[in-house]
Amino acid sequence: KGLIPFHRYPTGSRTAVEEHLWEGSRYLADAEGVYRLHFTVAAEALERFARETTDAADRLLRARGLVAEVGFSVQDPATDTLAATPEGDPFRHDDGTLLLRPGGHGALLGNLAALDARWVLLKNVDNVRPESAQELVAHWQEVLGGLLVALEERAHDLVRRLADEQDAGATAAAAGFLADELAVPEALAADEGADGDRRSLLRERLDRPLRVCGVVENRGEPGGGPFWVAREGGAPSPQIVERAELGEVAAAAQQEVFAAATHFNPVQIAAGLRDASGRPFDLRRFVDERAVFIAAKSHAGRPLLALERPGLWNGAMAGWNSVFVEVPGETFAPVKTLFDLLRAEHQA
16 KGLIPFHRYP TGSRTAVEEH LWEGSRYLAD AEGVYRLHFT VAAEALERFA RETTDAADRL
76 LRARGLVAEV GFSVQDPATD TLAATPEGDP FRHDDGTLLL RPGGHGALLG NLAALDARWV
136 LLKNVDNVRP ESAQELVAHW QEVLGGLLVA LEERAHDLVR RLADEQDAGA TAAAAGFLAD
196 ELAVPEALAA DEGADGDRRS LLRERLDRPL RVCGVVENRG EPGGGPFWVA REGGAPSPQI
256 VERAELGEVA AAAQQEVFAA ATHFNPVQIA AGLRDASGRP FDLRRFVDER AVFIAAKSHA
316 GRPLLALERP GLWNGAMAGW NSVFVEVPGE TFAPVKTLFD LLRAEHQA
């Protein structure tokens with residue numbers, strides 16, 4: 016979808032990736048007029064994406080005097096998963112070899128970690144508005160990023176305070192911040208027990224990657240939304256859940272909860288990837304490996320069952336601290352079929 020012309024202007028059409036370059040120029044540029052974008056793409060399309068973004072960056076430089084530095088990565092083949100037949104046997108090609116398939120967007124966690132960035136703004140390539148709406152989108156991207164930085168600074172300060180046993184007020188401050196700002200109410204129970212245990216519990220709960228997720232009013236788009244999730248009787252935590260995670264035979268009560276969701280996750284996420292000492296988190300530590308799911312797919316006209324890894328913004332971030340912020344629906348314009356490009360929000 017990134018290489019499809021999305022929007023038509025008097026000077027010509029723009030593909031989705033070029034439109035992302037124009038959008039990003041409004042809120043990512045530094046004092047020297049340089050800004051950085053990264054696309055994870057299919058290996059066979061890498062050269063085409065590189066040509067497209069090189070040409071687009073040249074046009075943007077001439078128009079706005081800003082320099083777009085664009086990086087690329089591909090999904091690691093080592094994250095592929097074994098496909099199965101509908102009966103549960105290994106799926107084989109006609110020549111008898113096993114079929115391995117990409118493991119879903121959860122397989123991109125390593126790509127995210129490899130960016131070696133402190134903060135990242137995540138979006139889907141098909142969710143991009145024409146230039147007339149990009150000022151609004153940029154404003155809310157800045158809101159999400161600014162809230163991330165503000166919350167992260169407070170969390171990191173509390174982590175350092177908890178390490179100082181002479182700071183008598185650190186435990187109460189950390190418990191209040193976790194409960195009030197990060198929706199971790201069980202942190203208030205940390206007032207019980209030995210002081211060392213309280214500090215250890217609170218520090219462990221704070222010393223995690225942080226994400227601020229934009230959500231929009233639910234309009235029935237396919238995908239997931241923000242929910243309270245409790246696993247194995249543990250305390251509930253705010254998570255992003257997609258319908259595919261429930262499975263085809265999910266309990267009726269769970270289906271009703273999902274259907275009644277008021278908000279939707281458009282994958283507008285500001286993510287903080289470094290700890291209080293400035294070191295990158297080991298993102299693998301925070302994955303819920305049980306959050307895999309089976310999807311019905313096909314290959315060469317034959318049905319199969321595909322194993323998908325915990326989704327990048329679902330199970331792969333299950334152990335992160337998460338904050339959800341309602342953003343205007345006008346910032347969200349997904350393209351799942353070509354007909355979506357006929358919607359008013361995609362008319363340039």
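Okay, so the sequence shown: first residue is 16 according to our numbering, each after it adds one. Where is the CB? At the ideal position from N, CA and C, for every residue including glycine.
query                                                                                                                : result
Test item: CB-CB of residue 223 and residue 335 under 9 Å                                                            : yes
Cβ-Cβ separation, residue 44 to residue 81 (assumed contact under 8 Å), whole Å                                      : 5 Å
Alpha-carbon to alpha-carbon, residue 229 and residue 279                                                            : 9 Å
Residue 254 - partner residues in DSSP beta bridges                                                                  : 242
Three-state class that DSSP yields for residue 55 in the structure shown                                             : strand
The region 311–323 / the region 105–124 touching (three or more Cβ pairs under 8 Å)                                  : yes
Cα-Cα separation between residue 163 and residue 354, rounded to whole angstroms                                     : 35 Å
The region 337–346 contacting the region 156–171, beta-carbon criterion three pairs below 8 Å                        : yes
DSSP three-state assignment for residue 160, whether helix, strand or coil                                           : helix
Beta-carbon gap between residue 283 and residue 342 smaller than 9 Å                                                 : yes
Where residue 67 falls, given that 16 or more other Cβ within 10 Å makes a residue buried                            : buried
DSSP-derived helix/strand/coil call for residue 291                                                                  : coil
Per-residue DSSP class, three states only, for residue 354                                                           : helix
Other residues of its chain near residue 144: CB distance less than 6 Å, five sequence neighbours each side excluded : 152 and 348
Cβ neighbours of residue 106 in the same chain (closer than 6 Å, five flanking residues each side left out)          : 98, 99, 100, 114 and 319
DSSP-derived helix/strand/coil call for residue 324                                                                  : coil
Residue 18 versus residue 64: straight-line alpha-carbon distance, rounded                                           : 7 Å
C-alpha gap between residue 27 and residue 150, whole angstroms                                                      : 21 Å
Contact set for residue 108: own chain, Cβ-Cβ below 7 Å, skip 5 residues either direction                            : 114
Simplified DSSP assignment, three categories, for residue 126                                                        : helix
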